[in-house]
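Participant: All residue numbers for the sequence shown refer to numbering that gives the first Met the number 0, where the first residue is 0 and numbers rise by one. Glycine included, every Cβ here is placed at the ideal spot set by N, Cα and C. Keep in mind that this is a model prediction, so the values were computed, not measured.
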Amino acid sequence: MDLDRLDTLLAERGEPAFRARQVWEWLARGAASYEEMTNLPAALREALAAELALSSLAVEAEALARDGTEKALFHTADGRPIEAVLMRYRDGRRSLCLSSQSGCPLTCTFCATGTMRFGRNLTASEILDQALHFRRKEAVDHAVFMGMGEPLLNLDNVLAACDRLPDVGIHPSSTTISTVGWIPGIERLTQRDGPTIRLALSLHAPDDALRSELMPVNDRYPLADVLDACRAWSAARRRKVYVEYLMLAGVNDRYEQAVQLAAILTPQNTFKVNLIPYNPTDSPYEGSGRDAIDAFRAALTERGVPATVRLTRGRDIDAACGQLAVKAA
Ligand code: SAH
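#1: Say yes only if the C-beta of Ser177 is nearer than 7 Å to one or more non-hydrogen atoms of the ligand SAH, and no if none qualify.
#2: Is DSSP giving Gly288 helix, strand or coil here?
#3: With DSSP run on the structure shown, which of helix, strand or coil describes Pro305?
#4: Please report the Cβ distance between Thr189 and Ala235, rounded to the nearest whole angstrom; I am assuming they are in contact, meaning their Cβ atoms lie under 8 Å.
#5: Inspect the beta-carbon positions of Val258 and Ala298 and report whether they are closer than 8 Å.
#6: Which residues mark the beginning and the end of the alpha helix (DSSP H) in which Arg163 is found?
#7: Indicate, with yes or no, if the ligand SAH has a heavy atom lying under 7 Å from the CB of Glu243.
#8: Using the C-alpha atoms, what's the distance from Tyr284 back to Asp162?
#9: What residues in its chain sit with their C-beta under 7 Å from that of Asp252, if we drop five residues either side in the sequence?
#10: For the ligand SAH, is there a heavy atom less than 7 Å away from the beta-carbon of Phe295?
#11: Express the C-alpha separation of Leu47 and Asp6 in angstroms, rounding to a whole number.
#12: Leaving out five residues before and five after Val157 in sequence, what residues of the same chain have Cβ atoms less than 7 Å from its Cβ?
#13: Tell me the DSSP secondary structure of Gln100 in three-state form.
#14: Provide the residue(s) that pair with Val58 in DSSP beta bridges, ordered along the chain.
#15: To which residues of the same chain is Pro305 closer than 6 Å at the C-beta, ignoring the five residues directly before and after it?
#16: Which residues does DSSP list as the beta-bridge partners of Ile263?
#17: To the nearest angstrom, how far is it from the Cα of Glu363 to the Cα of Ile81?
#18: Could you name the residues of the same chain whose beta carbon sits closer than 6 Å to that of Ala261, not counting the 5 residues immediately before and after it, in chain order?
#19: So what's Ala327 in DSSP terms, helix, strand or just coil?
#20: Quick one: is the Cβ of Gln129 within less than 7 Å of any heavy atom of the ligand SAH?
#21: What residues in its chain sit with their C-beta under 6 Å from that of Leu202, if we drop five residues either side in the sequence?
#22: Can you have a look at Val216 and say buried or exposed, based on whether 16 or more other CB atoms are within 10 angstroms of its CB?
#23: Candidates Pro40, Arg92 and Thr122: which alpha carbon is nearest Leu56's?
#24: Given 8 Å as the limit, is there contact between the segment 10 to 17 and the segment 63 to 77, that is, 3 or more CB pairs closer than that?
#25: Please report the straight-line C-alpha distance between Glu35 and Arg87, rounded to a whole angstrom.
#26: By Cβ distance, which residues of its chain are closer than 8 Å to Glu50, with the 5 residues on each side in sequence left out?
#27: What I want to know is whether the C-beta of Ser201 ends up closer than 7 Å to one or more non-hydrogen atoms of the ligand SAH.
#28: Measuring straight from C-alpha to C-alpha, what distance separates His170 and Arg28?
#29: Roughly how many angstroms lie between the CA atoms of Ala328 and Ser173, to the nearest whole one?
#30: Can you list, in chain order, the residues of its chain whose CB lies under 6 Å from that of Ala160, leaving out five sequence neighbours each side?
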């Protein structure tokens, strides 16, 4: 719901300030219509239903993968496409993958979103409406900003959305912001007051030359500076930084590269590596095989760097990491 518009409408009608809170609490608990909001006067419910859509996003398509992963394609009121994903895990965890922008202005060579046209930053309401879409289906408890866009380029709106996610069931300690290493944003997260939201860094290479090739943003914010910013965040926030490392066959998956990666991820207990099997896109890369991934992981853990392999979800509906592009866009 466009929450700013809600405030305006309520003020125009001379409604007491607590009405906005009441509407939000219903939405956060999964209400799918104004009719359900029984503590609002009937006349107000009718007026709102006539003037303000329950969501700022229109659902264009939905897809359900064999593993239970569900993807929704939305468009904003001005026609921008965005996607969000619900991942259902066997242990009961329900994790949302949220978009912060329509498209992405960065041009990482392996990522499908980077190939679509950049639209604009999403508002806090548009970010929350992705979560509310899934909350109307079932309870949710985790969120990752790993959908479309670079969240640290839209940090005000991302943080405004994070402030309200606890009402939806998702606490800051269960929320992760993933970044390409946009240093000004990392610094803001280090310094800001308020609860700690988890931080993930998309690293993908152990040296500047390769990283710049894969991620042009590395020319602007080189590896050593990005890692320093992450160390400062980790020290201030007393949390590990999750390092995302995409496994690309013959590109960044050699033994020496694992050794080099372990050497730069110091001091110990600052970083935790998540190795990501590559999901096919239209890019020229191929994903590393299972053996290469396991060997890379072993080389890291032997050197005291904790590493896990990401469980890939939703591949058959193009909902896996890096596959969130809207073909038509
Ligand atoms: N811009 C932020 C948020 C998006 S996160 C960031 O890059 O961190 C998206 C994650 O999916 C990143 O770790 C990205 O590197 C990864 N990814 C991109 N393309 C992928 C692909 N084809 N297969 C698997 N992971 C991919």
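Facilitator: For this structure:
#1: Taking the first residue of the sequence shown as 1, we reach residue 177 at position 178. At least one heavy atom of the ligand SAH is nearer than 7 Å to the Cβ of Ser177, so yes.
#2: As a working note, residue 288 is residue 289 in the sequence shown. DSSP places Gly288 in coil when its eight states are reduced to three.
#3: Start at 1 with the first residue of the sequence shown, and residue 305 comes out as number 306. Here Pro305 sits in coil by DSSP.
#4: Within the sequence shown, numbered from 1, the residue matching residue 189 stands at position 190. Within the sequence shown, numbered from 1, the residue matching residue 235 stands at position 236. Going by Cβ atoms, the distance from Thr189 to Ala235 rounds to 5 Å, so yes, they are a contact pair.
#5: Working through the sequence shown from its first residue, we reach residue 258 at position 259. Working through the sequence shown from its first residue, we reach residue 298 at position 299. Yes, these two residues count as a Cβ contact at 8 Å.
#6: Position 164 of the sequence shown, counted from the first residue, corresponds to residue 163. Its alpha helix (DSSP H) spans residues Leu154 to Val167.
#7: Mapped onto the sequence shown, residue 243 falls at position 244. Answer for Glu243: yes, Cβ within range of the ligand SAH.
#8: For the purposes of this step, residue 162 is taken as residue 163 along the sequence shown, with counting starting at 1. For the purposes of this step, residue 284 is taken as residue 285 along the sequence shown, with counting starting at 1. Using only the alpha carbons, I get a separation of about 38 Å.
#9: Numbered from 1 along the sequence shown, position 253 holds the residue referred to as residue 252. Hits under 7 Å: Met246, Ser287, Ala291 and Phe295.
#10: The count along the sequence shown starts at 1 and reaches residue 295 at position 296. Not so, every heavy atom of the ligand SAH lies at least 7 Å from the Cβ.
#11: On the sequence shown, residue 6 is found 7 positions in, with the first residue counted as 1. On the sequence shown, residue 47 is found 48 positions in, with the first residue counted as 1. Taking the straight line from one Cα to the other gives about 11 Å.
#12: Counted from its first residue, the sequence shown places residue 157 at position 158. Here the set comprises Ser99, Ile126, Phe144, Pro150 and Ile176.
#13: Position 101 of the sequence shown, counted from the start, is the residue given in the question as residue 100. DSSP places Gln100 in strand when its eight states are reduced to three.
#14: One-based indexing of the sequence shown puts residue 58 at position 59. DSSP output for Val58 lists Phe73 as bridge partner(s).
#15: The count along the sequence shown starts at 1 and reaches residue 305 at position 306. Answer for Pro305: Lys271, listed in chain order.
#16: Your numbering for residue 263 matches position 264 in the sequence shown. Answer is none; Ile263 lacks a bridge partner.
#17: Because residue 363 is not part of the residues shown, which for the chain are 0 to 328, the question remains open.
#18: Within the sequence shown, residue 261 is the residue found at index 262, counting from 1. Only Leu299, Arg302 and Val304 meet the Cβ criterion.
#19: As a first step, residue 327 must be located in the sequence shown, where it is residue number 328. Note that Ala327 scores a pLDDT of 47, beneath 50, so its modelled location is shaky and nothing firm can be said.
#20: If you number the sequence shown from 1, residue 129 lands on position 130. Because no heavy atom of the ligand SAH lies under 7 Å away, the Cβ of Gln129 does not count as near it: no.
#21: As a working note, residue 202 is residue 203 in the sequence shown. Taking Leu202 as the centre and dropping the five residues before and after it, the same chain places the C-beta of Val242 and Tyr244 closer than 6 Å to its C-beta, in chain order.
#22: Numbered from 1 along the sequence shown, position 217 holds the residue referred to as residue 216. The residue is buried, with at least 16 neighbouring Cβ atoms inside 10 Å.
#23: Mapped onto the sequence shown, residue 56 falls at position 57. Selected option, being the one with the closest Cα: Thr122.
#24: no
#25: The sequence position of residue 35 within the sequence shown is 36, counting from 1. The sequence position of residue 87 within the sequence shown is 88, counting from 1. Roughly 27 Å between the two C-alpha positions.
#26: Walking along the sequence shown from the start, residue 50 turns up at place 51. Excluding positions up to five away in sequence, the list reads Leu8.
#27: Counted from its first residue, the sequence shown places residue 201 at position 202. Taking 7 Å as the cut-off, the C-beta of Ser201 counts as close to a heavy atom of the ligand SAH.
#28: For the purposes of this step, residue 170 is taken as residue 171 along the sequence shown, with counting starting at 1. For the purposes of this step, residue 28 is taken as residue 29 along the sequence shown, with counting starting at 1. Going by the C-alpha atoms only, they are around 14 Å apart.
#29: For the purposes of this step, residue 328 is taken as residue 329 along the sequence shown, with counting starting at 1. For the purposes of this step, residue 173 is taken as residue 174 along the sequence shown, with counting starting at 1. Low confidence applies to Ala328: its pLDDT is 47, below 50, so where it sits in the model is not reliable, and the reading given next is rough at best. Cα-Cα distance, rounded: 32 Å.
#30: Residue mapping note: residue 160 aligns to position 161 of the sequence shown, counting from 1. Cβ neighbours of Ala160 beyond the five flanking positions: Ala123, Ile126 and Leu127.
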